[in-house]
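Below is one structure, written out as structure tokens, with a few remarks after it.
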DNA sequence: GTCTATACTGTAGAGTCTTAGGTATAGAAG
DNA sequence: CTTCTATACCTAAGACTCTACAGTATAGAC
């Protein structure tokens, strides 16, 4: 819609996916929809990035998948968080908090340090 | 040193470089040093990423460079922020604030939205 | 019966980083 | 005087992650 849509920073998909799955198992399409809605349409994962990311996370053992038939009768690959994935999520959320602290400090810094 | 060093998110170099140059002209090495110091050694730009980034920013017209001989007698390529670069810096800082707001909201969300 | 939303998959290409290497000067240490 | 460290720059190979685009296919609405 608006051009005001935020471009996701590279490398931040993973934690968003893990976070989404922490609510419970979901298939790919639902992950991307939830993310759009939860961010008031400001964050969007393209499908071309979503499915590779899901496979990546599964390879690392952070999520696991299973083909299931939904109530709707549709087949879908349902992903869920593993125990390792839960730990990873916690770790990444912590790292993110630290990141914004440091990064914001730099961006808000006043000129006092000397630049040779 | 400590393994606790944060890995910079891709795509966040540029705004850091612009920010650094907003203090005044500096050469590449000084930019990376300032960044390390200003972040208490938590953020680091590898040289292999720094110099390409500087050239990139110059191509876009956000910074400009000039060879100068420092008081030390050493030659160095000194970069400075252009007017366009100043506007770009302001724009990116605003975008960053918005990004952390949205992203944090998602990461802190409580399970109320439905995940089909 | 066609259209929309759902659901998944794949490829090509661009952009950005990491890793690892290289050149060269100034000044201090020995 | 020679070697080491800090300074200062540059490049290339490769990996990774995203975007853009292009598909396939089903369920339900109209």
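Residue numbers (our numbering), protein chains in the order written: chain Z, 1 to 116; chain G, 1001 to 1116.
Even for Gly, the Cβ is constructed at its ideal location relative to N, Cα and C.
Since we're looking at a predicted model, the values are computed, not measured.
From the listed residues Z:110, Z:21, Z:107, Z:6, the smallest Cα separation to residue 62 of chain Z is found for Z:21.
Secondary structure of residue 1081 of chain G (DSSP, three-state): strand.
As far as DSSP is concerned, residue 45 of chain Z takes part in no beta bridge. Around the beta-carbon of residue 1067 of chain G, fewer than 16 other beta-carbon atoms lie within 10 Å, marking it exposed.
Cβ-Cβ separation between residue 43 of chain Z and residue 9 of chain Z: approximately 10 Å, too far for a contact (criterion under 8 Å). Nearest to residue 1038 of chain G by C-alpha distance, out of G:1048, G:1107, G:1110, G:1023, is G:1023. If the five residues before and after residue 1029 of chain G are omitted, its C-beta is found closer than 8 Å to the C-beta atoms of 1076, all from its own chain and listed in chain order. Identification of chain Z residues near residue 1081 of chain G by a Cβ-Cβ cut-off of 9 Å yields none; the smallest Cβ-Cβ distance measures about 12 Å. Going by C-alpha positions, residue 1069 of chain G is about 50 Å away from residue 57 of chain Z. For the options G:1027, G:1104, G:1026, G:1036, the alpha carbon positioned closest to that of residue 92 of chain Z is the one of G:1104. Counted as a single uninterrupted DSSP element, the alpha helix (DSSP H) harbouring residue 1032 of chain G occupies residues 1028 to 1038.
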